[in-house]
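Protein chains in written order, with our numbering: chain D, 196 to 842; chain Z, 196 to 842.
We put the beta carbon where it would ideally sit given N, CA and C, even for glycine.
2 protein chains.
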Amino acid sequence: MTTCKVVFMPHNREAVVREGENLIRAAMEAGVHINASCGGEGVCGKCRVIIESGAVEGGITEKLSREDIEKGYRLACRSVIRGDATVRVPVESEVDASVLKLQFTARKKAKIVQPDFGALKEQGLFLPPVEKRYLDLPEPTGPDNMADTTRLVSFLKLHHDEHRLVVGLPMIRKLPGTLRTDHFRVTVTLARPVQSGRKSKIINIEPGDTSNRNFAIALDIGTTTIYGEVIDLKSGKVLAEGADFNGQISYGEDVITRIVFTETPGGLEKLNAVVIETINRIIDKIIRRAKVGREEISSITIAGNTTMTQLFLKVEPYYIRRSPYVPAATLYPPIDASGLGLNLGEHVEALVYPQISSYVGGDIVAGVMGSGIYRAEKLTLFMDIGTNAEIVVGNKEWLACAACSAGPAFEGGGVKFGMRAARGAIEDFSMHPRTFEPMNITIGSVRPKGICGSGLIIMVATMFEMGIVDSQGKYNRNLGTPRIRENEGVWEYVVAWQADTQIDRDIVLTEIDIENLMRAKAAIYSGCQTLLNEVGLDIGMVERIILAGGFGSYIDLEKAMTIGLLPEIDPEKVTFVGNSSLMGARMSALTNRIRLDVASVIQRMTNFELSETPSYMDHYVAALFLPHTDMDKFPRLKARLGKRHSL
Amino acid sequence: MTTCKVVFMPHNREAVVREGENLIRAAMEAGVHINASCGGEGVCGKCRVIIESGAVEGGITEKLSREDIEKGYRLACRSVIRGDATVRVPVESEVDASVLKLQFTARKKAKIVQPDFGALKEQGLFLPPVEKRYLDLPEPTGPDNMADTTRLVSFLKLHHDEHRLVVGLPMIRKLPGTLRTDHFRVTVTLARPVQSGRKSKIINIEPGDTSNRNFAIALDIGTTTIYGEVIDLKSGKVLAEGADFNGQISYGEDVITRIVFTETPGGLEKLNAVVIETINRIIDKIIRRAKVGREEISSITIAGNTTMTQLFLKVEPYYIRRSPYVPAATLYPPIDASGLGLNLGEHVEALVYPQISSYVGGDIVAGVMGSGIYRAEKLTLFMDIGTNAEIVVGNKEWLACAACSAGPAFEGGGVKFGMRAARGAIEDFSMHPRTFEPMNITIGSVRPKGICGSGLIIMVATMFEMGIVDSQGKYNRNLGTPRIRENEGVWEYVVAWQADTQIDRDIVLTEIDIENLMRAKAAIYSGCQTLLNEVGLDIGMVERIILAGGFGSYIDLEKAMTIGLLPEIDPEKVTFVGNSSLMGARMSALTNRIRLDVASVIQRMTNFELSETPSYMDHYVAALFLPHTDMDKFPRLKARLGKRHSL
């Protein structure tokens with residue numbers, strides 16, 4: 196990836212961005228505000244900049260006159276960076292230096308860390324869960340006419356040091372014909388046991404030598420989205436990936452409404468059928484993309500939250516949503532994939548990540564396993580933030596976890612113009628410190644339709660730090676901007692005027708929206724604090740934070756600390772792992788080490804039910820401020836606000 | 196059972212028979228000939244006897260005059276014994292004493308030995324393969340909200356010393372609802388592992404205490420007939436039994452024609468479907484008879500020959516009938532019964548007896564296991580005689596086996612009036628030493644339709660010992676009886692004139708029939724001899740013979756030795772075990788000891804392919820005489836014949 200350095204004047208701030216990025220995102224990166232209402236679609240024409248030098252393409256639209264263009268004006272949001280460049284922001288050239296200092300801090304780049312195949316091998320953790328062996332067996336004769344399975348098993352014992360093998364019926368059915376297709380030259384697939392001391396299973400046999408073609412599927416069953424990957428078990432590479440909305444969405448947005456649906460006659464069967472359907476569609480798509488035959492898939496590993504797992508396995512989830520919140524099972528045995536309805540070979544066993552409790556599920560366990568916390572020396576805090584947030588703390592010695600319900604604010608629920616992180620969602624934002632004009636950046640660089648979770652956090656944090664919103668989440672009513680107004684008794688800020696949107700109204704952020712966000716962030720912060728307290732720690736002792744989940748990966752760390760969603764820590768200690776559930780599924784497709792370890796991990800993980808922990812409510816109430824009632828918990832923010840007020 | 200002593204005069208021979216038996220069968224038992232052509236239906240009127248004293252009912256038909264009746268005449272075949280009695284055979288009263296001596300010897304009662312539950316317990320061999328446990332689990336609370344499986348497994352660990360347990364998906368699916376039906380009071384079913392060192396499996400859960408209701412099904416899949424039993428696992432009792440013809444009969448009489456059928460498109464699927472259909476019909480019948488709920492069946496154990504086993508499991512049998520006769524597998528893992536199409540609870544695992552080779556199958560292994568040869572001190576010869584005969588020799592130290600194809604003579608094939616052992620088949624026979632008139636006894640005491648295997652052996656043995664048939668199986672042409680005649684170039688004996696039969700012809704026994712019987716018996720005798728030679732033994736060293744199979748149980752031992760089907764041994768050494776395949780299936784339903792032992796038994800069983808053993812053909816040719824070319828192998832018979840000739 197080629198990177199380019201872009202310097203913004205007169206701020207003299209720079210951003211290092213990948214070649215091909217547009218200028219408005221580079222400015223956001225550098226912490227430079229440019230008015231931009233239309234999300235990057237080039238419609239509002241406000242983001243005019245002058246290219247002083249360097250390689251910048253495009254940016255010319257009918258919003259610019261011939262004269263402008265000759266002077267070097269371009270629309271930042273339509274300008275593509277092709278090399279190092281220097282860019283002047285004209286509107287800023289008129290404001291004084293103090294305003295420049297009021298700019299928000301530069302974006303911290305998300306440090307996404309994902310373990311790789313090479314590292315596994317280096318650490319001696321690579322134990323292939325399914326292996327192929329090419330065998331040239333002696334053909335039977337009169338005096339040597341042992342049964343086909345006996346011939347196969349004896350040969351593997353004698354020549355491959357495989358002493359503990361089982362052969363299942365589907366395999367026996369394939370054996371006689373396959374052995375004789377190519378004169379007893381065959382490739383067998385061995386599945387290693389998921390518990391130590393148990394036997395390996397010969398799961399498949401193919402004529403000839405197919406030992407170079409061995410693939411697995413890793414699957415993350417999310418409440419909203421299901422992700423799948425095809426993995427080459429020889430190289431450890433992901434050959435193809437694909438995702439689709441979980442077909443269950445039509446029957447309820449979240450796990451609770453899904454469970455309610457299963458309580459109607461045939462409900463469980465219906466939800467099971469639609470999720471299997473979605474998964475089969477993803478499997479079809481990714482094996483086609485990977486150019487892999489269906490029969491070449493040797494295993495599938497699956498992670499999902501407790502409800503998704505039970506629905507996938509057609510296990511009644513009724514008691515998950517009822518106190519005392521009991522899941523059906525934690526560990527599941529390997530399960531015949533075709534028996535579950537998955538469109539895969541008869542030989543494939545589905546390995547399903549175990550659960551900890553009703554609200555700390557296989558997706559979190561997969562994250563813990565995949566990110567290696569359970570083997571880590573460092574005391575680590577792992578958080579997966581969404582409608583429900585799951586928090587794990589510990590290291591290789593001990594582990595504790597808790598789940599809290601943040602509500603749907605981070606996914607756009609309970610927010611007037613909230614929406615999922617989809618095309619048209621405002622995902623990044625800054626505000627002009629004098630004019631209060633916004634800089635909106637949307638997913639897909641199209642006119643905005645709404646605000647997604649990460650955009651919401653940035654907006655509230657930015658406005659709080661600028662003093663537009665106070666610590667109780669209320670707007671300053673005296674700024675004299677038409678963007679802050681009262682509407683039917685509720686104060687709001689106009690993020691985009693109707694003309695700059697894709698919809699038929701102004702997009703606003705109301706005080707009710709901010710209140711909902713504060714509730715959500717308070718739930719997470721207090722969950723985190725309660726869990727740490729229960730195990731006798733405080734945040735200062737945490738050596739590393741891992742943020743997981745699609746949402747977690749998009750979070751602007753500083754902004755999340757500004758609103759008090761995350762405790763204030765050194766951003767250097769934070770890593771993002773993206774979809775850690777999928778990562779864990781991929782990792783356990785690659786090495787049996789994880790599958791061998793997971794049973795002991797879930798046994799030593801202590802689950803705290805926050806509803807049963809009296810201090811949780813106290814922590815929650817104290818966190819219902821921006822960032823918190825106790826400002827001393829946020830010393831860096833306190834210092835910044837102090838500096839700003841002194842300006 | 197009340198027994199009665201019946202004395203036949205003037206022979207002064209007695210028979211002890213059960214009350215309710217008829218006189219003609221008692222006479223046969225005593226070794227007393229009474230002319231009787233119609234099989235016991237009372238039609239021919241030849242079996243007139245005089246009741247001298249004692250309790251005999253019936254026997255009065257229109258074949259007797261009022262005068263006869265007053266004199267005490269009765270038809271033996273219609274007379275029912277109600278107590279001790281003395282009976283005079285009038286026709287015999289006229290012949291001299293030497294004729295009386297020419298009578299055949301009295302029948303040896305079949306000593307049927309079947310192991311029982313009490314003996315298992317006494318021998319310390321009783322390890323229940325499936326057990327029920329009633330549990331009163333603590334109900335979950337806020338602080339104690341572990342997953343349902345965890346609660347169950349921990350409780351079993353703590354209170355029932357069960358430390359190695361697995362829980363499968365069907366069980367997990369049942370768990371949440373069942374636990375809460377009766378306040379966490381449940382009965383679980385534990386299936387013990389079939390290999391030592393592996394885990395027990397929780398296969399079922401029911402609300403409340405059902406620990407007194409625990410049942411198994413044992414099944415013998417014969418090529419012709421399928422037998423099933425419902426067994427009470429608490430008492431070890433057989434509650435119900437049932438049988439039906441294997442539905443595959445319509446697609447071929449024997450295993451070879453069945454295999455040929457599977458080579459047509461869809462053939463394997465068809466034969467699999469019809470055998471599953473037959474089995475389901477039997478299951479329905481026997482659970483109804485036993486008054487047992489389908490869900491109360493905890494296990495099913497199955498034995499069958501190699502072809503029947505592969506067809507039942509839908510495993511291609513193509514190579515079984517082709518040199519070098521390789522079966523697909525010997526050991527099969529436990530298999531989900533409902534997955535096989537059996538109409539049983541989802542929790543039931545089918546345990547299928549392993550095979551030794553293509554022609555020594557699970558039925559024989561079941562016989563070896565059920566009859567306990569593999570644990571015996573005594574050197575034992577085990578034979579299962581049918582179209583194919585399987586022979587096992589050995590004891591607890593070693594085991595060897597072989598199979599030979601006898602052809603269908605014992606089941607009525609290749610014999611002009613041969614038939615299966617069904618109603619109307621002549622099953623017992625004697626001959627008047629002067630008049631050559633027959634005494635026919637049929638199954639069901641109806642007029643004869645044909646001759647079954649055991650009847651055939653008795654006929655040929657009787658006629659050989661009387662000198663009617665010579666050692667080459669040819670009739671003495673000079674006896675002056677119309678019953679021995681030439682018909683279209685073939686000599687034959689008229690067993691029943693048309694009028695005394697149910698059919699439209701005389702029932703005869705031809706020299707070709709005798710030749711076919713000689714081939715069949717030679718195959719078995721020489722198989723036996725070859726196997727013994729290969730392991731360095733001769734018949735004199737065998738301490739015990741076990742005869743298995745429906746046919747084996749009906750064999751008249753002395754007669755079988757007379758024709759040279761069995762080597763001549765002390766009849767006291769012989770036991771019959773009836774359907775040993777079913778017995779083995781029943782035994783392994785009752786004790787896990789057998790299932791734990793079977794893998795090592797099949798490993799130490801040496802299989803001899805007779806077609807690969809050069810001496811087999813020499814032995815065979817030498818055995819193609821009555822009883823054998825080497826009369827010294829049959830010293831008792833030789834002595835009897837010597838005595839007879841001296842008369």
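Residues of chain Z with a Cβ closer than 8 Å to the Cβ of K509(D) are, in chain order, R368. Its Cα nearest to that of T384(Z), the residue K396(Z) stands out among N673(Z), G744(Z), K396(Z).
Residue contact with chain D for D343(Z): present (Cβ-Cβ distance below 8 Å to some residue of chain D). In the three-state reduction of the DSSP assignment, P633(Z) falls in the strand class, which pools E and B. In chain order, D439 place their CB closer than 7 Å to the CB of R476(Z), counting only its own chain and leaving out the 5 sequence neighbours on each side. Residue environment analysis places I264(D) among the exposed positions, since fewer than 16 neighbouring C-beta atoms fall within 10 angstroms of its C-beta.
Note: G249(D) is bridge-paired with A280(D) in the DSSP secondary-structure output. DSSP, reduced to helix, strand and coil, places M654(Z) within a helical segment of the structure shown. Here the stretch 364 to 383 of chain Z lies against the stretch 316 to 330 of chain Z, with 3 or more beta-carbon pairs under 8 Å apart.
For a cut-off of 8 Å, the C-beta gap from N635(D) to G557(D) is around 37 Å, too long to register as a contact. Residues of the same chain with a CB within less than 8 Å of the CB of L506(Z), apart from the 5 flanking positions on each side, are Q443, R453, T457, L463, L466, N467, V470, P512 in chain order. According to DSSP, L594(D) shares a beta bridge with G589(D), M800(D). Of the candidates V433(Z), N207(Z), A656(Z), D356(Z), the residue whose Cα lies closest to the Cα of M782(Z) is V433(Z).
For E753(Z), the secondary structure class from DSSP, reduced to helix, strand or coil, is helix. Contact of P762(D) with chain Z is not assigned, every C-beta pair being separated by 8 Å or more. Looking at T786(Z), M826(Z), S810(Z), the one whose alpha-carbon comes closest to that of S430(Z) is T786(Z). Taking a C-beta cut-off of 8 Å against chain D, the contacting residues of the stretch 802 to 813 of chain Z are E804, S806, E807, listed in chain order. For D439(Z), the enclosing beta strand (DSSP E) stretches over residues 433 to 440.
Annotation: the continuous beta strand (DSSP E) that includes K396(D) extends over 395 to 402. If the five residues before and after W692(D) are omitted, its C-beta is found closer than 7 Å to the C-beta atoms of S232, D701, all from its own chain and listed in chain order.
Contact annotation for S518(D) against chain Z: G337 [CB-CB distance below 8 Å, chain order].
Under the 8 Å Cβ criterion, the stretch 351 to 368 of chain D does not count as touching the stretch 312 to 322 of chain D, having fewer than three qualifying pairs. Burial is judged here by how many other beta carbons sit within 10 angstroms of a residue's own beta carbon; T824(Z) has fewer than 16 and is exposed.
The C-alpha of S600(Z) lies about 16 Å from the C-alpha of E710(Z). If you check the CB distance, I481(D) and A435(D) come in under 8 Å. Burial state of E683(D) is exposed, judged by a 10 Å Cβ sphere holding fewer than 16 other Cβ atoms. Exposure of K573(D) is indicated by the presence of fewer than 16 other C-beta atoms within 10 angstroms of its C-beta. For I397(Z), no Cβ of chain D is located within less than 8 Å of the residue's own Cβ. The three-state reading of DSSP puts M626(D) in strand, counting E and B together.
Bounds of any alpha helix (DSSP H) do not take in E687(D); it lies within the beta strand (DSSP E) bounded by 685 to 691.
In the three-state DSSP reduction, L364(D) falls in the helix class (H, G or I). Ranked by Cα distance from A694(Z), the options T657(Z), P643(Z), G722(Z) are led by P643(Z). When beta bridges are read from the DSSP output, S274(Z) appears opposite G253(Z).
Taking the Cα positions, K611(D) is about 14 Å away from G602(D). Interface criterion not met: the Cβ of P830(D) is under 8 Å from no Cβ in chain Z.
Under the three-state reduction of DSSP output, G648(D) falls in the helix class.
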